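To start, the structure itself, in structure tokens.
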Amino acid sequence: MAWTDERVEQLKQLWSDGLSASQIANRMGGVTRNAVIGKVHRLGLAGRATPTAPISKAVHSPQAEQESRTPTFSLESLSLGDDRPTVSSIGANQCKWPIGDPAAEDFHFCGQSTSSAKPYCAYHSQLAFQPNAGRREAPRHRTVALPAARKVG
């Protein structure tokens, strides 16, 4: 399809009327949406702001009280005595923080009660989870030194 002067004028009129590139392509026939966009760009026609409803700012409800970052109990209070949960006896709402060497016979889990949404008790959650502000994004690529070019005899 060739862009004749008549078709260019039709394009300019439809564009100024506010039709989208897809709508213009459908009305003109024999031309694609991308062809319309390309021609509009090459002609330097002014871009239009898309008519959208104003976006209202999201209303933030007060966040639930966040858990204190400092433990509210001591490590001594975590002791369960002889009732140490193992892999086979740990319950759904018990802290799954591993204690000891997994290869050792006395390996067990913390076992304190947890909220249903977390795998650890309040104390171990503070150790396991860091606030977002403290995290640093890992580099996405590494620079690798390439070997020097060798002369071929």
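Take the position in the sequence shown, starting the count at 1, then add 4; the result is the number in the numbering used here.
Note that CB positions come from ideal geometry on N, CA and C, so glycine has one too.
Given the structure is predicted, the values throughout are model-derived calculations rather than measurements.
Could you tell me the boundaries of the alpha helix (DSSP H) in which Gly42 lies?
-> Working through the sequence shown from its first residue, we reach residue 42 at position 38. DSSP places Gly42 inside the alpha helix (DSSP H), whose first and last residues are 37–47.
Is the distance from the Cβ of Arg11 to the Cβ of Ala25 below 8 Å?
-> Within the sequence shown, the letter at position 7 stands for residue 11. Within the sequence shown, the letter at position 21 stands for residue 25. Their beta carbons are not under 8 Å apart, which means Arg11 does not touch Ala25 by this criterion.
If Pro89 and Phe111 are in contact, beta carbons under 8 Å, what's the gap, nearest whole angstrom?
-> As a working note, residue 89 is residue 85 in the sequence shown. As a working note, residue 111 is residue 107 in the sequence shown. In this structure Pro89 does not touch Phe111 by the C-beta definition: roughly 11 Å separates them, more than the 8 Å allowed.
As assigned by DSSP and simplified to three states, the class of Ile94 = Residue mapping note: residue 94 aligns to position 90 of the sequence shown, counting from 1. In the displayed model, Ile94 falls within coil according to three-state DSSP, outside both helix and strand.
Whose CA, out of Ala50, Gly22, Gly51, Ala6, lies closest to the CA of Gly33?
-> Working through the sequence shown from its first residue, we reach residue 33 at position 29. Among Ala50, Gly22, Gly51, Ala6, the Cα nearest to that of Gly33 is on Ala6.
Once you ignore the five residues that flank Thr118 on each side, which residues in its own chain have a CB closer than 7 Å to its CB?
-> Reading the sequence shown from its first residue, position 114 is the one you call residue 118. Taken in chain order, the residues that qualify are Asn97, Gln98, Cys99, Tyr124, Cys125.
How many angstroms separate the CA atom of Trp19 from the CA atom of Thr8?
-> The residue labelled residue 19 in the question sits at position 15 within the sequence shown. The residue labelled residue 8 in the question sits at position 4 within the sequence shown. About 16 Å.
Going along the chain, which residues of its own chain have a beta-carbon closer than 6 Å to the beta-carbon of Val35, five neighbours each way excluded?
-> On the sequence shown, residue 35 is found 31 positions in, with the first residue counted as 1. Same-chain partners within the cutoff: Met5, Ala29.
Other residues of its chain near Gly22: CB distance less than 7 Å, five sequence neighbours each side excluded | For the purposes of this step, residue 22 is identified with residue 18 of the sequence shown, where counting begins at 1. Excluding the 5 residues flanking it on each side, Gly22 has same chain C-beta neighbours closer than 7 Å at Arg52, in chain order.
Taking the alpha carbon of Val40 as the point to measure from, which residue in Ser93, Lys61, Gln17 has its own alpha carbon closest?
-> Against the sequence shown, residue 40 aligns to sequence position 36. When only C-alpha atoms are compared, the closest one is Gln17.
Below 7 Å CB to CB, which residues in the same chain sit around Ala132 once its five sequence neighbours on both sides are set aside?
-> Translated into positions along the sequence shown, residue 132 becomes position 128. Closer than 7 Å at the Cβ level, and outside the excluded window around Ala132, lie Tyr124.
Identify every residue that forms a DSSP beta bridge with His112.
-> To locate residue 112, count along the sequence shown from 1; it is residue 108. DSSP lists Ile103 as partners of His112.
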